[in-house]
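So the mapping is simple: my numbering equals the position in the sequence shown, first residue as 1, plus 123.
Backbone N, C-alpha and C define an ideal beta-carbon position, used for all residues, glycine too.
Notes follow the structure.
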Amino acid sequence: MKNIDSHTHVNGQSVYLDDIPLIHGTLFGAAYGSPIAHGIITALELEDALQVPGVVRIFTYKDIPGENQIGGIIPDEPLLAEHHVHFCGMPVAFVVAHTLEAARAAVHKIKMIIDPLPVITDPREAQAKGELIIPPRTFTMGNTTQAWQQCTSVFEGSVDINGQEHLYIETQGAYVVPQEHNALRIHSSTQGPTAVQRTVSKVLGLPMHQLEVVVTRLGGGFGGKEDQANMWAALCALAAWHLKRPVKYALHRMEDMVMTGKRHPYAADFKIGLDASLKIIAYEVTFYQNAGASADLSPAVMARTLFHCTNSYFIPHVKATAYSCRTNLPPNTAFRGFGGPQGMFVIEAAIALAAEKLQLDACSIQKANLIQSGEAFPYGQVVQSEAANCWEKMETLYDTAAMREAVKAFNKSNHQYKKGIAFMPVCFGISFTNTLMNNARALVHVYTDGSVGISTGAIEMGQGVNTKIVQVAARIFSIPTDKIKINPTNTYNIANTSPSAASATADMNGKATLIACTAIAARLKQVAATVFGTTNIIFENEQVLANGESTGWDWKKLVHEAYIQRVSLSEHSHYATPEIHYDINKEKGHPFAYHVFGTAILEVTVDCLRGTYVTDAVKVVHDFGASMNTDIDRGQIEGGIVQGIGWMTMEEVVYDKEGRLRSNALSTYKVPDIYAVPKELLIEALQTRQDNLAIFGSKAVGEPPLMYGIGIWFALRNAISAFSPSANIPFTTPMTPEKVLMALHSKKATGDIHQHAEKASYLGINH
Ligand code: LUZ
Ligand code: MOS
Numbered sequence: 124m125k126n127i128d129s130h131t132h133v134n135g136q137s138v139y140l141d142d143i144p145l146i147h148g149t150l151f152g153a154a155y156g157s158p159i160a161h162g163i164i165t166a167l168e169l170e171d172a173l174q175v176p177g178v179v180r181i182f183t184y185k186d187i188p189g190e191n192q193i194g195g196i197i198p199d200e201p202l203l204a205e206h207h208v209h210f211c212g213m214p215v216a217f218v219v220a221h222t223l224e225a226a227r228a229a230v231h232k233i234k235m236i237i238d239p240l241p242v243i244t245d246p247r248e249a250q251a252k253g254e255l256i257i258p259p260r261t262f263t264m265g266n267t268t269q270a271w272q273q274c275t276s277v278f279e280g281s282v283d284i285n286g287q288e289h290l291y292i293e294t295q296g297a298y299v300v301p302q303e304h305n306a307l308r309i310h311s312s313t314q315g316p317t318a319v320q321r322t323v324s325k326v327l328g329l330p331m332h333q334l335e336v337v338v339t340r341l342g343g344g345f346g347g348k349e350d351q352a353n354m355w356a357a358l359c360a361l362a363a364w365h366l367k368r369p370v371k372y373a374l375h376r377m378e379d380m381v382m383t384g385k386r387h388p389y390a391a392d393f394k395i396g397l398d399a400s401l402k403i404i405a406y407e408v409t410f411y412q413n414a415g416a417s418a419d420l421s422p423a424v425m426a427r428t429l430f431h432c433t434n435s436y437f438i439p440h441v442k443a444t445a446y447s448c449r450t451n452l453p454p455n456t457a458f459r460g461f462g463g464p465q466g467m468f469v470i471e472a473a474i475a476l477a478a479e480k481l482q483l484d485a486c487s488i489q490k491a492n493l494i495q496s497g498e499a500f501p502y503g504q505v506v507q508s509e510a511a512n513c514w515e516k517m518e519t520l521y522d523t524a525a526m527r528e529a530v531k532a533f534n535k536s537n538h539q540y541k542k543g544i545a546f547m548p549v550c551f552g553i554s555f556t557n558t559l560m561n562n563a564r565a566l567v568h569v570y571t572d573g574s575v576g577i578s579t580g581a582i583e584m585g586q587g588v589n590t591k592i593v594q595v596a597a598r599i600f601s602i603p604t605d606k607i608k609i610n611p612t613n614t615y616n617i618a619n620t621s622p623s624a625a626s627a628t629a630d631m632n633g634k635a636t637l638i639a640c641t642a643i644a645a646r647l648k649q650v651a652a653t654v655f656g657t658t659n660i661i662f663e664n665e666q667v668l669a670n671g672e673s674t675g676w677d678w679k680k681l682v683h684e685a686y687i688q689r690v691s692l693s694e695h696s697h698y699a700t701p702e703i704h705y706d707i708n709k710e711k712g713h714p715f716a717y718h719v720f721g722t723a724i725l726e727v728t729v730d731c732l733r734g735t736y737v738t739d740a741v742k743v744v745h746d747f748g749a750s751m752n753t754d755i756d757r758g759q760i761e762g763g764i765v766q767g768i769g770w771m772t773m774e775e776v777v778y779d780k781e782g783r784l785r786s787n788a789l790s791t792y793k794v795p796d797i798y799a800v801p802k803e804l805l806i807e808a809l810q811t812r813q814d815n816l817a818i819f820g821s822k823a824v825g826e827p828p829l830m831y832g833i834g835i836w837f838a839l840r841n842a843i844s845a846f847s848p849s850a851n852i853p854f855t856t857p858m859t860p861e862k863v864l865m866a867l868h869s870k871k872a873t874g875d876i877h878q879h880a881e882k883a884s885y886l887g888i889n890h
């Protein structure tokens, strides 16, 4: 089945926030953000800005009738700065004018005097100074202290992982329209309508039932609109509430890049120990998460880093500690993978270092340690593993041995060009790590003509969730998909939703839809049972069958009969993921409904004269379960891989020492384009028909494939080593062409050319 949005997307009729027709009298907002990363406000001068023709009013924290607080997990984030500013771009004032141009012109006339304070941008520095968002967390399994003695080799190193700009095509924004009885209709480009509703409720001191948050679709979210859509809706709501006029603010790309948080940069230190058979016996890791100036979702992101710190591997002795470090950057936030990719990069770096020192290919260590069914991760959950199945299928399907030989032969006969290969296994846990968030609701109406309308809490952001929900209803009712419509997500119809996130949206909202449709179908079957004198009623191709025989009744006739008999044709359902639990004090439990597995082999060619490179191939075996929609799922994998490659190779978020974003536009921040797409991209399904908790056994696909992109970094590393075995290649990301060029001509002994010299030390082999 095609994505139900494909036609309107292609002909430009799909409605995004900026396509909503404006009501007469709409005003336009623009936020004034702090030009300084850290300091105390001594004066805010608004007079010149108020003189700009068309300006209606400028709002500051003093105008907030409720609480000046938008922190979701921890109340540590004001909507508008009061006396302190904590990052460059932190909103201080909100200008509202008759035109967007006037609002923006006025923003430039605002002056602020700030007594500057020291700026911290480095998470290690923040940790050393005790600047933590929450107390650190530690996951342990076995006993690493004793386990080092069982190891024949032990290696240590450190890692610096950079962030990533979400770069959703549609920037953040909101349009708020006052309604009667003091209610507000809030159009928001958000993944979390309830988060918007809660935030506005707190800021304005209005009950949640006054706030209708409506979302038709987003032009991308990637986690950037899980929580960070809230502030723009709150600013518009504040102004609309005061002025009794509709207020709109859709951010300019540069405002969006400067004012919003990104994927968390992480620093990390690791120590890994192996035995003579290449089993990883022990792994210790310390993560320093660069949270930015306030908590936002950082505590939850940090948890997922710990959950995924051993990627697809079973390691009997693990100790992983994470610090969420407060710095003077915009609060970093959810981004596809949600801290998991950073955790995985570090274990892959540890394995790469061990392989290099032991003069092996990393894949022999990777393969020897894949987790097996019945083994547990450090957080206690025993897995149903597909890791080895994916790996072995990849080996035979793509003849990876031949690929490795071909690369060796190529490298022997070429000097300027070198190829590199890497394998990247992925294991990603599906469920919100915060157990209580794993719930969803659906509202299904069957109309008297047999057509069906569905509302859920799911947000369509290009990932195709609405198409999957149509498929669920079509399958239960056995009716064509064009009889089913998905309504815009609306907090008046579906309440208390979790955000569309954690790859779990189709699972949870699909299950809720399944429950509602099944309940309606059961009532319809009961009506048919009475009419046809048998309980053996099924629906097939819009027909009603009794005892397997045609009845001459179709879906529409049965629906109409049920209506005449005053049987309810509507259902509101609730789904809460079963089986999951977690004890945060013990750091043990069963947090995930299931795990998604996969393995990729990635090949690159580096131009060793220029430092440039191309991705020759990414070949994947991915655990789809029993995919409901292979086109959509393939699209998610292709997009995820390219986004992962971008993060690992070219997307370089640069803040200067003063905490100013220097990569604040697409001229200074390079995102993957068609040339960055692997020349060959093969995706093979591992069809597992287990009784998992996915909707119709179709496993979640949103986030896991991004992490295949991590393999690119290691393929580049291997290509550089093929050119120069003594090259010093620090574990820093992204691997831009500049860094490749530097590494090609570096020497291990002279690590000083690099900003972050690799601290890896070889502790020796005991055998
Ligand atoms: N968002 C969230 C997520 O709030 N909790 C999660 O566990 C999560 N995981 C992945 C992506 N977004
Ligand atoms: Mo997300 S990182 O699933 O909002």
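What do you reckon, is the C-beta of E918 under 7 Å from a heavy atom of the ligand LUZ?
With the chain running from 124 to 890 in the structure shown, residue 918 is simply not present.
When the Cα atoms are used, what is the spatial distance from V299 to F437?
Position 176 of the sequence shown, counted from the start, is the residue given in the question as residue 299. Position 314 of the sequence shown, counted from the start, is the residue given in the question as residue 437. Straight-line Cα distance between these residues: approximately 50 Å.
Return the first residue and the last residue of the alpha helix (DSSP H) that S421 is part of.
Counting from one through the sequence shown, the residue named residue 421 turns up at place 298. Here the alpha helix (DSSP H) through S421 covers S421 to F430.
State yes or no: is the C-beta of L169 nearer than 7 Å to some heavy atom of the ligand LUZ?
In the sequence shown, the residue the question calls residue 169 occupies position 46. Flag unset: Cβ of L169 not near the ligand LUZ.
Please classify A251 as buried or exposed, where buried requires at least 16 neighbouring CB atoms within 10 angstroms.
Taking the sequence shown and counting its residues from 1, one reaches residue 251 at position 128. The residue is exposed, with fewer than 16 neighbouring Cβ atoms inside 10 Å.
Relative to the C-alpha of M938, which residue among D677, N492, V408 and E279 is closest?
Outside the displayed range of the chain (124 to 890) lies residue 938, so it cannot be described from this structure.
Just to confirm my understanding: we take G286, look at its own chain, exclude 5 residues before and 5 after, and list those with CB closer than 7 Å. What are they?
Position 163 of the sequence shown holds residue 286. Taken in chain order, the residues that qualify are K385, R386, H387, P388, N455 and V776.
Keeping to the same chain, check which residues put their C-beta closer than 7 Å to that of A883; ignore five residues upstream and five downstream.
Within the sequence shown, the letter at position 760 stands for residue 883. Legend: pLDDT at A883 = 37, less than 50; position of this residue unreliable, no value from coordinates given.
On the CB-based measure, 16 or more other CB atoms within 10 Å of its CB, does S536 come out buried or exposed?
Translated into positions along the sequence shown, residue 536 becomes position 413. The residue is exposed, with fewer than 16 neighbouring Cβ atoms inside 10 Å.
For H879, name the three-state secondary structure that DSSP assigns.
Within the sequence shown, the letter at position 756 stands for residue 879. Its pLDDT being 37, under 50, H879 is placed unreliably in this model, and the coordinates cannot settle the point.
Can you tell me the Cα-Cα spacing of R689 and I592, whole angstroms?
Along the sequence shown, one-based indexing puts residue 689 at 566. Along the sequence shown, one-based indexing puts residue 592 at 469. Their Cα atoms are separated by approximately 27 Å.
Helix, strand or coil: how does DSSP classify A627 here?
Walking along the sequence shown from the start, residue 627 turns up at place 504. Three-state result, A627: coil.
Going by DSSP in three states, K531 sits in which element: helix, strand or coil?
Here residue 531 refers to the residue found at position 408 when the sequence shown is read from its first residue. Of the three classes helix, strand and coil, the one that applies to K531 here is helix, per DSSP.
Is there at least one non-hydrogen atom of the ligand LUZ closer than 7 Å to the beta-carbon of T556?
Stepping through the sequence shown from its first residue, residue 556 is reached at position 433. Answer for T556: yes, Cβ within range of the ligand LUZ.
With burial defined as no fewer than 16 other Cβ atoms inside 10 Å of the residue's Cβ, what is the status of R449: buried or exposed?
On the sequence shown, residue 449 is found 326 positions in, with the first residue counted as 1. R449 is buried by the Cβ-count criterion.
How long is the line joining the alpha carbons of L867 and Y411, rounded to whole angstroms?
The residue given as residue 867 occupies position 744 in the sequence shown. The residue given as residue 411 occupies position 288 in the sequence shown. Taking the straight line from one Cα to the other gives about 28 Å.
Can you look up I843 in the DSSP assignment and give me helix, strand or coil?
Numbered from its first residue, the sequence shown carries residue 843 at position 720. If DSSP states are grouped into helix, strand and coil, I843 belongs with the helices.
Would you kindly report the start and end of the unbroken alpha helix (DSSP H) that includes N670?
The sequence position of residue 670 within the sequence shown is 547, counting from 1. That residue, N670, is in no alpha helix (DSSP H); it is neither H nor E in DSSP.
Rank Q504, A596 and N561 by C-alpha distance to the C-alpha of K709 and give the top, closest one.
Working through the sequence shown from its first residue, we reach residue 709 at position 586. Comparing Cα positions, the closest option is Q504.
Straight-line CA distance for Q174 to G633?
Position 51 of the sequence shown, counted from the first residue, corresponds to residue 174. Position 510 of the sequence shown, counted from the first residue, corresponds to residue 633. Whole-angstrom Cα-Cα distance: 53 Å.
DSSP on N589, reduced to helix/strand/coil?
Counting from 1 along the sequence shown, the entry for residue 589 is found at position 466. Helix.
What are the complete beta strand (DSSP E) segments, minimum 3 residues, inside the segment 321 to 371?
With a minimum length of 3 residues, the continuous beta strand (DSSP E) runs that stay inside the segment 321 to 371 are 334 to 338.
Taking P828 as the reference, which of M858, E726 and V719 has the closest Cα?
Here residue 828 refers to the residue found at position 705 of the sequence shown. For the residues M858, E726 and V719, the minimum Cα distance to P828 belongs to V719.
Report buried or exposed for S435, applying the criterion of at least 16 other Cβ atoms within 10 angstroms of its Cβ.
In the sequence shown, counting from the first residue as 1, residue 435 sits at position 312. So S435 ends up on the buried side.
Roughly how many angstroms lie between the CA atoms of A216 and I233, to the nearest whole one?
Here residue 216 refers to the residue found at position 93 when the sequence shown is read from its first residue. Here residue 233 refers to the residue found at position 110 when the sequence shown is read from its first residue. Their Cα atoms are separated by approximately 9 Å.
Leaving out the 5 sequence neighbours to the left and right, which residues in its chain are closer than 6 Å to H877 when beta-carbon positions are compared?
As a first step, residue 877 must be located in the sequence shown, where it is residue number 754. Because H877 sits at a pLDDT of 38, beneath the cut-off of 50, its placement in the model cannot be relied upon, and the following sentence gives the value as read from the coordinates. Closer than 6 Å at Cβ, skipping near neighbours: P853.
Around the C-beta of M213, are 16 or more other C-beta atoms found within 10 angstroms, so that it is buried, or is it exposed?
The residue you call residue 213 lines up with position 90 of the sequence shown. Classification of M213: buried, given that the 10 Å Cβ count is 16 or more.
Enumerate, from N- to C-terminal direction, the unbroken alpha helix (DSSP H) stretches of 4 or more residues contained entirely within the segment 765 to 804.
Fully enclosed alpha helix (DSSP H) runs of 4 or longer: not present.
Less than 8 Å separating the beta-carbons of I768 and T738?
If you number the sequence shown from 1, residue 768 lands on position 645. If you number the sequence shown from 1, residue 738 lands on position 615. Against a cut-off of 8 Å, the Cβ pair of T738 and I768 comes out as a contact.
For the beta strand (DSSP E) that contains P301, what are its first and last residues?
Sequence index remark: in the sequence shown, residue 301 carries index 178 (1-based). Per DSSP, P301 belongs to the beta strand (DSSP E) from G296 to P301.
Looking at P857 and G734, is the spacing between their C-beta atoms short of 8 Å?
To locate residue 734, count along the sequence shown from 1; it is residue 611. To locate residue 857, count along the sequence shown from 1; it is residue 734. Cβ distance not < 8 Å, so G734 and P857 don't count as in contact.
If you drop the 5 nearest sequence neighbours on each side, which residues of the same chain put their C-beta closer than 7 Å to that of Q495?
In the sequence shown, counting from the first residue as 1, residue 495 sits at position 372. Hits under 7 Å: F437, S508 and A511.
Where does D605 fall in DSSP's three states?
Within the sequence shown, the letter at position 482 stands for residue 605. Three-state result, D605: helix.
Quick check on N305: buried or exposed, where buried means 16 or more other Cβ atoms within 10 Å of its Cβ?
Locating residue 305 in the sequence shown gives position 182, where the first residue counts as 1. The residue in question, N305, is exposed, as its Cβ has fewer than 16 Cβ neighbours within 10 Å.
Pull up the distance between the alpha-carbon of F210 and that of G265, whole angstroms please.
If you number the sequence shown from 1, residue 210 lands on position 87. If you number the sequence shown from 1, residue 265 lands on position 142. If I take the Cα positions, the gap works out to 41 Å.
In the DSSP assignment, the beta strand (DSSP E) including D238 goes from what residue to what residue?
Sequence index remark: in the sequence shown, residue 238 carries index 115 (1-based). Run containing D238: K234 to P239, per the beta strand (DSSP E) assignment.
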